[in-house]
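Chains A and B, in that order, give the protein sequences.
Take the position in the first sequence, starting the count at 1, then add 73; the result is the number in my numbering.
Residue 55 in my numbering sits at position 67 of the second sequence; the count goes up by one each step and never skips.
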Amino acid sequence: MGKREVAIKIGGEAGFGIKAAGLILGKALFQSGAEIFGYSEYPSLIRGGHNTYQMNVANEPISSTTKRVDILIALDKKTIEADMKYLTDDGAVIFDGALEQRDKRLINLPLMELSKKAGGVIARNMVALGAGAYLVGLELSKLEEQVEKNFKNKGAEVLTMNRQAVELGYNFLKDKKVKKETDLAEWSLKSRNKSDIIATANEATAEGMIWAGCKFYAAYPMTPATSIMHILAERQREEGLVVHQTEDEISAIGAAIGASVAGVRAATGTSGGGFSLMVEHLGLAAITETPLVVVESQRTGPATGLPTWTEQSDLKFIINASHGEFPRMVIAPGDAKEAAEMIQQAFSWAEEWQVPVIFILDKYLSESDFVWLDWESKKMAVKRVGFISDKELENLDNYKRYEITGSGVSKRAVPGQKGRVGVINSDDHDEYGFSTDESEERIKMMDKRFSKVKNMEAELPEPKLYGPESAEVTIVGWGSVKGPILDAMQEIRKSRNQVRQLPDLDIPSSGGRIALGAKNSKVNFLHLNYLWPFPGRRVKAVLEKAKKVLLVENNKTGQLGDLIREQTGIEIKNRFLKYDGRPFFREEIVEKINSLIIQ
Amino acid sequence: MSGQGIEKFNTKVLPTWCPGCGNFGIWQALKQALLDLELEPHQVLMVYDIGCFGNGANFTKTYAFHSLHGRTLPVALGAKIVNKDLKVIALAGDGAAYGEGVQHFIHTARYNVDITFIVADNQRFSLTAGQASPMTREGVVTKTTPFGEIKKPLNPLVLSLEAGASFVGRGFAGDPAQLTELIKQGIEHRGFSHIDILQPCVSFNKENTYEWYKNIIYKLEEHKYTPDNREEALIKAKEFEVSGKMPTGILFKEERETYEDKLPQLQGEALVKRELKGLGVLI
Ligand SMILES: Cc1ncc(C[n+]2csc(CCOP(=O)(O)OP(=O)(O)O)c2C)c(N)n1
Ligand code: SF4
Ligand SMILES: [Mg+2]
C-alpha cells in the first residue's frame, strides 16, 4: 500500500497540558504500530499564550513536521485563529462552540460539559484526545492503556477521571457517527517491538551519557537543554552519578573540568546564552588537556532571542569559541538515535584526545518526539583510556603530564595517585606542567596539542551521502535539518514513482531510510554530523561532482556555507535559510527542491 | 618520607614573589600545616587562582590545578565530589575570591562542600600591578583610583558567615605560627572552610603594612572566645568597622553534614575509585 499520513495538531493555552496529552495519543498510536513525529511550539511563559503540539502519524518512518494539518484539536479560540489556515480542505477541527464562519470541517465537541461530567475541566484535554483517537480510527482500548500508564501513579481518582474523559470524547463522536479522517485499522500496521520507543534527542542524549559512564553532570537550567538535567537528576542515585546544579554556567563548566581532572567522565550542558558564559573555560579544558563534553542545545538568539524556538545559529561561534587556538571536536546529531550514539562517541573521543568536545543540539531536536527503533542497539562498551597506572607512576621518577608524544596525547595521572605530582596548568607550560614563557617551550606545547588533529581527523566518520551517488540536486546540511530533508526527498521520490509506476523501494528503519544508490531519485543529501575537525576533503569531493547544490540551514547567514567556502573554496549559491524560530516544514523543502529541478 | 621537613612540599621552581611579600608567610604556614597533618603531596589537590598568590601553583609540590581568574572553587568542588578522599584546597587572591568569582565563594559556602578556601587578602590586584580590589578601603589611591577609592569594601567574613560556611577564620601572614594552626584546623574541618588572610603586599599596598596590621589585630584564642555561635561571629567579623580592631583566629566553626554526605550515591568508596581501579589507578 502507499504512504498514509495524518497530521494532528492540538492547541491551547500553556497549562492546558497540550504536550502531555499529545504525547499520550502519540504513544497509543505508536504502540498500535504507527510511526510518529511530535513537534511542539510554545512561548516562554507558564500560563496563557498559545501552545501547540503537532503529531504526524504515518505508516512509514517520518521525522519531520508539516505545515499541513488534517485534524485540529482546538482547546481554545486562539487555536482557531492561529491554526485554521493550515487545516486541509477535507480536514476536521474539534472545537467547543460555534465558529464565526460556517465551516463544514467543524466538529462541535462540548469539552467543558463532558470534562465536568468526567470529574473536572482539567480533563478537557483528555476529552479532546478521545475524540482525536476516534477520528484516526485508533481503538479506544489502546488509548486507555496509555492513559493508565500515564496516570497510574497519580491516584485512583485522577486515573478514573482521565479514563472517563477519553471515553466520553471518543463515544461522543462515535455515537454521532462522525466521519473518520482515516482508519488506522486499514493501514495494515505491524505490531511493535518492545525495543522501539519514542524519545526526544534530549532523552536520547541523557541515556547515552549514562551508557557512556558519565559520572558528573553540572549545569544551570536553560531551555532547551534543561530536560537532560531533569532526566539525569532523576536517575542519579540508581546510576551512581552526581548531578550538580550550579550558581551559573561558569561554575558548571568549571565543576565538570574539576571532576574530569579527578578522573571521572564529566559533562555540562546549556543553550547558547549559557555557552557564551562558558567559553573561557573551554580554553581551560583545552590547555590543561582535560577531557570534557559540553552539550549546547541552540535556540533563537542573540541574547534572549526567541527563548523557546529553534535555530542553528551557533555553529561558527562553537567552532571558534574561546580566545587562543586549540583543537576541539564538534558533533551535531540529526535525530534521537544519532544523539544517543554520538554522545557516547563524544565521551570516548574527549577522553582519547584529551580535548573539549561540543555536542550540538537545538530546540527542534531537544524537544521533538522521534521514533527510536531498537533503542539499545547503539549502546557502546565503555573503555576508559589515557591513564597512567599506580605502578607505572610510582616507578617513574620522571613522570611528565604533558610529555611530547607522537600522537600528541600524554598519560594522565589523577590527583591522589602516589608518585611525581605535577601541575595541571592554565598557563602554558613545559612537559611537567610548570609555567613557562620560553619561546621554544611555547611552540613545543602548541605543536603538541595541534598534533592531535590529524589523528582526530582520521578517526572521525565521513559525512553521509543519502540518496544516489549523483543527482540533479545535492542538498547540504548539518544536524537537525536531517529529518525534514530526508522526508522531503522521500516525498519527491514517491510522487515520481507514482508517475512512472515504479514499485516502492524497500525501506529500511528510520535514520538511514533512503538506501544509498537508489536509482530513481533526482536528489541526494550530504549530511554533516562531525563538523570539527572539518571534513573538508569529503565535502569537496561530493560538491565538486554535484550539479546543483542547495544549502539548507536554520539560520540567517548560512554558517555551514561559510565554513565550506573557507575550507574547500566552494561557494554555494542556492541557499535555503530560515531564521524565524521555526524548523523547516517538509513542504517547504519539497517546494524548494522542485523549484530547482524545474529550473 | 616522614622525617623530612616542609621542603618536601617545594618544587624545583623558586617563588617569584617580591622579597618581603606576605605570600611567603602564608606559604610557610601552608606547608607546615600539611606536614603537621602528615599529608603527603599526592594526597592533596590545590586549585590555584590567577594572581600573585596563585603563582604558588609552580612552587608548591602537591597535585596542582592552576585555574582561571576567579574560578578555583567550581573546579575544586567537582574534584572533591568525585574523589572525597582528596584533601582539596582552593587558593585565591582577594580580587579573585571577592570580585571576579564572588558568586562561587558565596554559593560554595552555602553548599558546604568539604573544601578549604584560602584567600590571600592584600586589598589589591597585585599581579596586574596594583589596581583597587573589592577589599580596597575608601579613599585609597591606586592606579585605577587616582582620586581615591569611592566604593565601600566588602566584608568577606560576613559574606561567608551569612552564606552558611561551617568554618570561618582570619589569619595574618605575619604570624605563621597562628596561621599554621588555623590552616590545619581548616583542612581538618569537614565542610567549607573559609580562611581570609591579611597579606601585606610590599609593592602595591603602602597603607596596609605589617606594622599597620600589627597595631589593629588581636587573637581571639587569647580572649576566651568560643567560636560556636554564628551571631557572635558576625559581631566579631564587623568589629573593625565598629572599633578599628580586627580579631584573628577562628571566628566560627560548626559540625554540619557536608554536601557530599547528603548524596547517597557518594557513600562508600570514592566515585572515581570505583571507576578507575580496574585500570590499576587509585588502588
Ligand atoms: C578573566 C580575567 N580577567 C582579568 C585577568 C587579569 N588578572 C590577572 S590576576 C588579576 C587580579 C589579581 O588580584 P588578586 O586576585 O587579588 O590576586 P593577587 O595578585 O593580589 O594575589 C587580574 C585582574 C585575568 N587573568 N582573567
Ligand atoms: S606584588 Fe605584592 S602580592 Fe605580588 S608578589 Fe609582590 S609583594 Fe607579593
Ligand atoms: Mg589581591
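Cβ atoms here follow ideal geometry from the backbone N, Cα and C, with glycine treated the same way.
Taking the beta strand (DSSP E) that residue i falls in, what are its first and last residues?
i: B/S181; result: S181 to L186
i: A/S370; result: L365 to Q371
i: A/A291; result: C287 to A292
i: A/N676; result: It is not possible to answer for residue 676 of chain A, since the shown part of chain A is limited to 74 through 672.
i: A/T161; result: L160 to F168
i: B/Y51; result: Y51 to H54
i: B/L27; result: B/L27 -> no beta strand (DSSP E), and no H or E assigned at all.
i: A/Y539; result: K537 to Y539
i: A/Q127; result: G121 to A131
i: B/E137; result: Premise fails: B/E137 is in no beta strand (DSSP E) and is neither H nor E.
The alpha helix (DSSP H) that contains residue i, what's its start and end?
i: A/I283; result: A274 to W284
i: A/W426; result: A409 to W426
i: B/G237; result: Counting along the chain, B/G237 falls outside any alpha helix (DSSP H), though it belongs to the beta strand (DSSP E) covering M234 to K241.
i: A/D156; result: K150 to D156
i: A/V200; result: R197 to V209
i: B/K172; result: P164 to E176
i: A/K92; result: I91 to Q104
With a 10 Å radius around its C-beta and 16 neighbouring C-beta atoms as the bar for buried, classify residue i as buried or exposed.
i: B/Q255; result: exposed
i: A/V367; result: buried
i: A/A531; result: exposed
i: A/V458; result: exposed
i: A/A93; result: exposed
i: A/D520; result: exposed
i: A/Q118; result: It is Leu, not Gln, that sits at residue 118 of chain A in the sequence shown. Exposed, because fewer than 16 other Cβ atoms sit within 10 Å of the Cβ of A/L118.
i: A/G85; result: buried
i: A/D470; result: exposed
i: B/L170; result: buried
i: B/N203; result: exposed
i: A/P116; result: exposed
i: B/Y274; result: This structure cannot settle anything about residue 274 of chain B, because the visible part of chain B is limited to -11 through 271.
With H, G and I counted as helix, E and B as strand and the rest as coil, what does DSSP make of residue i?
i: A/I662; result: helix
i: A/A619; result: coil
i: A/L589; result: Unreliable positioning characterises A/L589 in this predicted model, as indicated by a pLDDT of 36, which lies under 50. The coordinate reading is nonetheless provided below. The answer is coil: DSSP assigns A/L589 none of H, G, I, E or B.
i: A/E320; result: coil
i: A/I461; result: coil
i: A/I580; result: Residue placement at A/I580 cannot be trusted, given a pLDDT of 37 that sits under 50; what the coordinates show is reported in the next sentence. Reduced to three states, the DSSP call for A/I580 is coil.
i: B/I314; result: An answer regarding residue 314 of chain B cannot be provided, because it is not within the stretch -11 to 271 covered by chain B.
i: B/A108; result: strand
i: B/N11; result: helix
i: A/I392; result: helix
i: A/F649; result: strand
i: A/P557; result: helix
i: A/A339; result: strand
i: A/D442; result: strand
i: A/E504; result: coil
i: A/L145; result: strand
i: A/V430; result: strand
i: B/F113; result: strand
i: B/Y206; result: strand
i: A/M402; result: strand
i: B/D82; result: helix
i: A/Y475; result: coil
How about residue i and residue j: are their beta carbons less than 7 Å apart?
i: B/G44; j: B/A84; result: no
i: A/V91; j: A/N124; result: Note that residue 91 of chain A is Ile in the sequence shown, not Val. It is a contact, given that the beta carbons lie within the stated cut-off.
i: B/T168; j: B/Q20; result: yes
i: A/D500; j: A/S136; result: no
i: B/K131; j: B/G152; result: no
i: A/T273; j: A/A291; result: no
i: A/T641; j: A/N597; result: no
i: B/V156; j: B/L239; result: yes
Contact set between the region 48 to 59 of chain B and chain A, restricted to residues whose Cβ is under 7 Å from the partner: K49, T50, Y51, A52, F53, H54, S55, L56 and R59
Chain B contacts made by the region 452 to 474 of chain A, where a contact means CB separation under 7 Å: R457, F460, S462, D463 and K464
Using Cβ-Cβ distances below 7 Å, what residues of the region 598 to 619 of chain A are close to chain B? none
At a Cβ cut of 8 Å, what residues of the region 169 to 184 of chain B count as close to chain A, listed as they run along the chain? none
What residues in the region 317 to 331 of chain A bring their beta carbon closer than 9 Å to a beta carbon of chain B? H317, T319, E320, D321, I323, S324, A325, I326, G327, A328, A329, I330 and G331
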